[in-house]
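Quick notes on the structure that follows.
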Amino acid sequence: MNNQFTVTEFGIIVKGNENRQFDTYISLKESVFNDLKTFILQNKDKNTDEFLTITYKKNYGEVLQAKNYVGIIQMKNGVTIEILPKIYGKSKDLSVSDTRKLFLKMLKTLKDSPFKKFDLSNLKTDRMPLNEIFITMFLDELSVLIKRGLKSDYIETQKNLNVLKGKLKFKEHIKHNLIHKERFFVEFDEFIKDMAENRIIKSTLKELSKRSKSGKNLKNISEYSFVFDEISESKNIEKDFNACKSGRLMVDYENILLWCRVFLKNESFINFKGSNVAFALLYPMEKIFESYLTYKLKKSGKFSYVKAQDSRFFLVKEDLKKMFKLKPDIYAEKDDTIYLIDAKWKILDVNSPNYGISQGDMYQLLSYAKIYENNCKKHVKMALVYPKTDKFLEKVNFEYFDEKNVLLKIWPFELV
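This is the structure in structure tokens:
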């Protein structure tokens, strides 16, 4: 029975008699639906945007509607829900397979994430859901590490030996060797593979053996687990992560340990909790779009300098105290001009009032321009960038009613 289902942003999940995939929505049995509803309620926080919302639709009654968070939710009952971005092609919506490929391409640009190193050309994403794709990425990197060889480290060890080695632990020696005079209970540094990094990887393999439904992934998990046979599982994940070393000798482990954090600690932009959920990895699409746009601008060669989230300046001060840090999505320079760019993951419609642009965004960018111009003594240009769709094909130029008639461009960015 298929337990893998896909919905796009703002798609709905309804209650039905069976778990079933439809073209534009998912139907889940009432028990599964209620488990997912409980997960939503457990993560409802006034400081966090909702990733799914509980609402009502005509002909369906109570439904769960995806918002702008994308990724996967794997339930303990075996059901996996994949939420993909709503991406528009030149003539129609993209297929699920093409959407998944583009989403993974965008994920590669996320800073401090394990996605940046994977090779999309080697992944068969047509029918493979995101959770299996992520597991495959981890296993591919682990395969390279195993071929290069697992690292060993000097680990403080206590053993009861026939020879005196290291430091005698007198109290334990008396306790264990009152009769066995030939033995010594000692503490010494032993060069072994049973170190924090390897324990974490072994624990990750064990966890993935429960989650994966892919025959190929399960086969690789089983094979790689043999390599870690002499290594113990982590008894304290947090302690072992804190004990992990960095540096030139541990470069091969860096990205793999990022994956381990994802799988063992559900680390993404937000950590989700849930009694009915085994694993949830969800990302806000506006952050992914911002990251992807920053990457594309850097690669374009049109600017001498591009930086995400520049935060040098503040909006106001009280006496000597600076307050309300400015943080434009993207800061760029070319010649003597500064470019302040905000990425907006929203569908614009040229036929809507004010194109559907937020008045707050217009005010914010103007205040940014004034302060950057005052501090940097350079000309400032601004842009709001939205995904290009059939409702928003051409750029729009706005001119502010201020003393300098500051210009703001509204740019359509083609994802496909």
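For the sequence shown, this note's numbering begins at 290 and goes up steadily by one. Virtual Cβ for every residue (Gly too), placed ideally from N, Cα, C. Please read all numbers here as calculations on a predicted model, not as lab measurements.
In the DSSP assignment, M364 is bridged to V566.
By the criterion of a C-beta distance shorter than 7 Å, S501 is surrounded in its chain by E421, I424, L507, I510, once the five residues flanking it on both sides are discounted. Rounded to the nearest whole angstrom, the CA to CA distance from S320 to T342 is 18 Å. Linking L494 to Y349 through their CA atoms gives a straight-line distance of about 40 Å. Per DSSP, the beta bridge partners of V605 are M612.
Residue range 319-331 is occupied by the alpha helix (DSSP H) that includes V321.
Rounded to the nearest whole angstrom, the CA to CA distance from E307 to F322 is 10 Å.
DSSP, read as helix, strand or coil, puts G350 in strand. Under the Cβ criterion (8 Å, minimum of three pairs), the region 525-536 does not count as touching the region 294-314. Relative to S503, the option among F602, L428, H465 whose CA is nearest is L428. Here G305 carries a strand assignment [DSSP, helix/strand/coil].
By the Cβ test, the region 350-359 is not in contact with the region 562-570, since fewer than three Cβ pairs between them sit closer than 8 Å. Annotation: the continuous alpha helix (DSSP H) that includes M395 extends over 385-396. A distance below 8 Å separates the beta carbons of A632 and V674. The region 602-611 and the region 541-554 do not touch, with fewer than 3 CB-CB distances between them shorter than 8 Å.
For M671, the secondary structure class from DSSP, reduced to helix, strand or coil, is strand. Membership of E421 in any beta strand (DSSP E) is not indicated; the residue belongs instead to the alpha helix (DSSP H) covering 419-437. According to the DSSP assignment, T295 belongs to the beta strand (DSSP E) that extends over 293-297. Taking 3 residues as the minimum length, the beta strand (DSSP E) runs contained wholly in the region 576-658 are 594-597, 603-607, 610-614, 619-623, 626-632, in order along the chain. If the five residues before and after I370 are omitted, its C-beta is found closer than 6 Å to the C-beta atoms of F294, I362, all from its own chain and listed in chain order.
Counting along the chain, V685 sits inside the beta strand (DSSP E) bounded by residues 685-688. For F702, the enclosing beta strand (DSSP E) has its first and last residue at 696-702.
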